[in-house]
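Enquirer: Quick one: the structure is below, and I'll ask about it shortly.
Chains as they are written, first to last, in the numbering used here: chain A, 9 to 150; chain B, 144 to 823.
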């Protein structure tokens, strides 16, 4: 057998392994990434969406954050304009997590039947959209 | 200043548009005067953009808050170094920075180009100026002009995000940008070679330094990014597989592949199409990275300003891809290999597999990054993958790559004899086995960690063996001592031994990455005087005693510092501070949300990482997140070694005699010796 053919076999093995690792990886670790409205629709249509590990991207409802420092617990509400959910989370939240100006958050965890989202992770986008700030001020004034 | 800035941008735009159009139309072909004018436009655009950059810096330092960009990123009480770096803190300034640096690189490329690339240079000028022109277009027509004025003048600017007020952040973005930007030059040469049909090894030699330079900048940028994330973001890690991080890794991976595969083209005349493809792909990935970070199309914790600028980049990406691959297709027949693979036991084969592994990793990272979009397009549902996905896929591929890092340099070109294999591999394989067994002996059972340590030791064995043999040979032939032989060895064959040093850096990275498998964390609430204990994976017991919280005012912030007294195995180890900082503007008003400064105590084995999470009900009782992160410092050391190796490899001169003979004897490569000495 020529070396070129042998190499092709080796290459096929590598390419196939990469493909397999990717498809298996997606199957085993993929997570639904939903908005609150989508989550509401999903759980209504299919109750198996309760208590399933998912990610939700939404905005923090201004003024809704209640911190319980002693238990390091944070309760807050998220919304996308359509639906609103309470979220509870125990752990450290990032500095950028505030309820001042509708910051974007991504919460990871499970939505239970009691209507509360139990987050295992809270990611807050840097509230650092300064470039937009002056433009927004202008728009509000207009 | 804004008038001058705008004027310079227009000059740069018009000049680059003219030069690019003339270059691609080929109107210069029989007219040396026009060709010279095209090449010289590079210098004109460079001067225009330098003037624009100075204008922006002057505006920043003059605190001219009527300029929107100045008001958005600086304030009167911002330290000067951060006023300086505010140039690239925001999108608009970054675009100008990019354009100005690209123009600089383009000018350097023209200035240093050797005479034998004369037919390529007007095309190179055309491509670099077309890309530069694109960035100026985005500034002028994409709503991203850093010289835009506000309709009013705020009394003070908003100041710089506290998380960006970190020395790492002053240099991390420009390093990464320099890497991204430097990739444009190899791309321009590749396009020039395709356009001019001069597809011999000439263009490959012309870009060797540039691709190494881009690779070094990217490596520094990525490592600094990890360091910044680790010391500033407070989640206790340095790599989260965030889309923005992935975007910086992708071109690094394909560029690394190119740096290896190009050697096969130089030595054996193979892989010509693949190499053009890799250069084009790397350039596209660098634009793609800018697109995903700027468009906000993929959810990321990094929030750069989202604007329609992203869609300019998408359009540019598509145009470049279509043009480049069409051009490659029409020149396909000119890129046939001169030889073919002779044996699987050859360096060519090892390098081919290394390329497949690197491109495989790049593909999986790209796939995982784009998966939310892909799944939404195909199945109508957004599905996201995170660190578990990337780790599952990339750890095995990374280990394959690590093994090839050891195999590649040891195995002969063309066809290795069994004798060659035995002579080269006995010692390194034995070293790897001994270390893997020793690791099992101390109780490590994690399969991947054992593999990483064993393969890492194998690669170290190969590097040590190479240096040992080289030094011994010099010692015998020239009677040199160990140290002078070592230095002469590196000096005389920089590409080879510099490469080994880069590999050493890679091994250090891999070993450091295994450390995080043994991370220990704890969250506690402590009153002053309370203490907590945490056991490290190296068997130490740390005792942390709270000394309470103190408050003080600094230059542009109010600081609450929580202090802990440390003991390790009963011995006092000093104190550690973690702070909450409330930044204020020059009127004492709060600007930004409070930010956290992590307390880190590092040594070679482990970091004690303390985050002050906040105080309870205004008392000095505070919560802390404490972790022990093993081997983290080795990530930074690995980066340093990697970059030193890269610089040695890139350093001019130092070609050994046999190497010159080999080069000049190559097919389709007849070049005077003087030229070969500059570009080994």
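Don't be surprised by glycine CBs; every beta carbon is placed ideally from N, CA and C.
(1) What are the boundary residues of the alpha helix (DSSP H) that includes residue 389 (chain B)?
(2) Output yes if chain A places a C-beta closer than 8 Å to the C-beta of residue 360 (chain B); else output no.
(3) Spell out whether any CB of chain B is found under 8 Å from the CB atom of residue 80 (chain A).
(4) Which residues of chain B have a Cβ atom closer than 9 Å to the Cβ of residue 18 (chain A), listed in chain order?
(5) Taking DSSP as the reference, what is the three-state secondary structure of residue 155 (chain B)?
(6) Can residue 290 (chain B) and residue 193 (chain B) be called in contact, C-beta distance under 8 Å?
(7) Under DSSP, the alpha helix (DSSP H) around residue 510 (chain B) begins and ends at which residues?
(8) One question on the structure: do residue 220 (chain B) and residue 698 (chain B) come within less than 8 Å of each other, judged by their Cβ atoms?
(9) List the residues of chain A whose Cβ lies closer than 8 Å to the Cβ of residue 679 (chain B), in chain order.
(10) Between which two residues does the alpha helix (DSSP H) carrying residue 276 (chain B) extend?
(11) Would you call the region 85-98 of chain A and the region 110-118 of chain A in contact, with 3 or more CB pairs under 8 Å?
(12) According to DSSP, is residue 473 (chain B) part of a helix, a strand, or is it coil?
(13) Within 8 Å, do at least three Cβ pairs link the region 348-356 of chain B to the region 492-506 of chain B?
(14) Counting contacts by CB-CB distance shorter than 8 Å, is residue 60 (chain A) in contact with chain B?
(15) Considering only residues of the same chain and omitting the five flanking positions on each side of residue 133 (chain A), which have a CB-CB separation below 6 Å?
(16) Starting from residue 118 (chain A), follow its DSSP beta bridges and name the residues at the other end.
(17) Pull up the distance between the alpha-carbon of residue 231 (chain B) and that of residue 630 (chain B), whole angstroms please.
(18) Whole angstroms is fine: what's the gap from residue 249 (chain B)'s alpha carbon to residue 563 (chain B)'s?
(19) Give a yes or no on whether 8 Å exceeds the smallest Cβ distance from residue 525 (chain B) to chain A.
(20) So is residue 63 (chain A) in contact with chain B if we call contact Cβ pairs under 8 Å?
(21) Would you verify that the beta carbon of residue 86 (chain A) is, or is not, closer than 8 Å to some beta carbon of chain B?
(22) Thinking just about the alpha-carbon of each residue, which of B:578, B:615, B:793, B:303 is nearest to the one in residue 604 (chain B)?
(23) Under 8 Å by Cβ, that's how I've got residue 740 (chain B) and residue 721 (chain B) pegged, so tell me the actual separation to the nearest angstrom.
(24) Note down, in chain order, each residue of its chain lying with its Cβ closer than 7 Å to the Cβ of residue 265 (chain B), except the 5 sequence neighbours on either side.
(25) Assign residue 800 (chain B) to buried or exposed, taking buried as 16 or more other Cβ atoms, counted over all protein chains shown, within 10 Å of its Cβ.
(26) Please name the residues in the region 505-530 of chain B whose beta-carbon is closer than 9 Å to at least one beta-carbon of chain A, in chain order.
(27) I need the DSSP call for residue 563 (chain B), collapsed to helix, strand or coil.
(28) Would you please state the rounded distance, in angstroms, between the beta carbons of residue 57 (chain A) and residue 94 (chain A)? I believe it to be under 8 Å.
(29) List the endpoints of the continuous beta strand (DSSP E) containing residue 734 (chain B).
(30) Identify every residue that forms a DSSP beta bridge with residue 757 (chain B).
(31) When you compare the region 303-318 of chain B with the region 367-379 of chain B, are there three or more beta-carbon pairs, one atom per stretch, that lie closer than 8 Å?
(32) As a quick exercise: from B:728, B:747, B:293, pick the residue whose alpha carbon is nearest that of residue 305 (chain B).
(33) Looking at the secondary structure, which residues open and close the beta strand (DSSP E) in which residue 40 (chain A) lies?
(34) I'd like the span of the beta strand (DSSP E) that includes residue 72 (chain A), first residue to last.
(35) Residue 737 (chain B) touches chain A at which residues, Cβ-Cβ below 7 Å?
(36) Is the shortest distance between the beta-carbon of residue 118 (chain A) and the beta-carbons of chain B less than 8 Å?
Expert: To lay it out plainly:
(1) By 1-based counting over the second chain, the position of residue 389 (chain B) is 246. Element bounds for residue 389 (chain B): 386-411.
(2) Residue 360 (chain B) sits at position 217 when you count from the first residue of the second chain. With 8 Å as the cut-off, residue 360 (chain B) does not count as an interface residue toward chain A.
(3) Along the first chain, one-based indexing puts residue 80 (chain A) at 72. With 8 Å as the cut-off, residue 80 (chain A) counts as an interface residue toward chain B.
(4) Here residue 18 (chain A) corresponds to residue number 10 of the first chain, with the count starting at 1. Neighbours of residue 18 (chain A) on chain B, chain order: 487, 492, 495, 496, 499.
(5) Translated into positions along the second chain, residue 155 (chain B) becomes position 12. Reduced to three states, the DSSP call for residue 155 (chain B) is helix.
(6) Position 147 of the second chain, counted from the first residue, corresponds to residue 290 (chain B). Position 50 of the second chain, counted from the first residue, corresponds to residue 193 (chain B). Contact flag unset, no.
(7) Locating residue 510 (chain B) in the second chain gives position 367, counting from the first residue. Note, residue 510 (chain B): alpha helix (DSSP H), 490-522.
(8) Start at 1 with the first residue of the second chain, and residue 220 (chain B) comes out as number 77. Start at 1 with the first residue of the second chain, and residue 698 (chain B) comes out as number 555. Contact: yes.
(9) As a working mapping, residue 679 (chain B) is identified with position 536 in the second chain. Near residue 679 (chain B) there are no residues of chain A at all, since even the closest Cβ is about 21 Å away, more than 8 Å.
(10) One-based indexing of the second chain puts residue 276 (chain B) at position 133. Note, residue 276 (chain B): alpha helix (DSSP H), 264-284.
(11) yes
(12) For the purposes of this step, residue 473 (chain B) is taken as residue 330 along the second chain, with counting starting at 1. Note: residue 473 (chain B) maps to helix in three-state DSSP.
(13) no
(14) Position 52 of the first chain, counted from the first residue, corresponds to residue 60 (chain A). False, the Cβ-Cβ gap to chain B never drops below 8 Å.
(15) Numbered from its first residue, the first chain carries residue 133 (chain A) at position 125. The answer, listed in chain order, is 112.
(16) Counting from 1 along the first chain, the entry for residue 118 (chain A) is found at position 110. Its beta-bridge partners are A:126.
(17) In the second chain, the residue the question calls residue 231 (chain B) occupies position 88. In the second chain, the residue the question calls residue 630 (chain B) occupies position 487. Approximately 39 Å, taken between the alpha carbons.
(18) Within the second chain, residue 249 (chain B) is the residue found at index 106, counting from 1. Within the second chain, residue 563 (chain B) is the residue found at index 420, counting from 1. Each residue's alpha carbon lies about 45 Å from the other.
(19) Here residue 525 (chain B) refers to the residue found at position 382 when the second chain is read from its first residue. By this cut-off, residue 525 (chain B) is an interface position.
(20) Within the first chain, residue 63 (chain A) is the residue found at index 55, counting from 1. Residue 63 (chain A) counts as touching chain B.
(21) The residue labelled residue 86 (chain A) in the question sits at position 78 within the first chain. Not one chain B Cβ lies under 8 Å of residue 86 (chain A).
(22) Residue mapping note: residue 604 (chain B) aligns to position 461 of the second chain, counting from 1. Nearest C-alpha to residue 604 (chain B): B:578.
(23) Counting from one through the second chain, the residue named residue 740 (chain B) turns up at place 597. Counting from one through the second chain, the residue named residue 721 (chain B) turns up at place 578. With 8 Å as the limit, residue 740 (chain B) and residue 721 (chain B) qualify as a contact, their Cβ atoms being about 6 Å apart.
(24) Along the second chain, read from residue 1 onward, the residue named residue 265 (chain B) stands at position 122. Within the same chain, residue 265 (chain B) has close Cβ partners 166, 171, 178, 181, 182.
(25) Locating residue 800 (chain B) in the second chain gives position 657, counting from the first residue. For residue 800 (chain B), the pLDDT reaches just 42, beneath the cut-off of 50, and the residue's location in the model is therefore unreliable, leaving the point undetermined.
(26) 506, 507, 510, 511, 514, 515, 518, 519, 524, 525, 526, 527, 528, 529, 530
(27) Reading the second chain from its first residue, position 420 is the one you call residue 563 (chain B). Three-state DSSP puts residue 563 (chain B) in a helix.
(28) For the purposes of this step, residue 57 (chain A) is taken as residue 49 along the first chain, with counting starting at 1. For the purposes of this step, residue 94 (chain A) is taken as residue 86 along the first chain, with counting starting at 1. Between residue 94 (chain A) and residue 57 (chain A) the Cβ distance is about 17 Å, and since that is not below 8 Å, they are no contact.
(29) Within the second chain, numbered from 1, the residue matching residue 734 (chain B) stands at position 591. Counting along the chain, residue 734 (chain B) falls outside any beta strand (DSSP E), and DSSP gives it neither H nor E.
(30) Here residue 757 (chain B) refers to the residue found at position 614 when the second chain is read from its first residue. Per DSSP, B:766.
(31) yes
(32) In the second chain, residue 305 (chain B) corresponds to position 162, counting from 1. Comparing Cα positions, the closest option is B:728.
(33) In the first chain, the residue the question calls residue 40 (chain A) occupies position 32. Here the beta strand (DSSP E) through residue 40 (chain A) covers 39-42.
(34) Locating residue 72 (chain A) in the first chain gives position 64, where the first residue counts as 1. From DSSP, residue 72 (chain A) is part of no beta strand (DSSP E); its letter is neither H nor E.
(35) Counted from its first residue, the second chain places residue 737 (chain B) at position 594. Ordered by position in chain A, the residues that pass the 7 Å Cβ test against residue 737 (chain B) are 103.
(36) In the first chain, the residue the question calls residue 118 (chain A) occupies position 110. For residue 118 (chain A), the answer is no, since every Cβ of chain B falls outside 8 Å of its Cβ.
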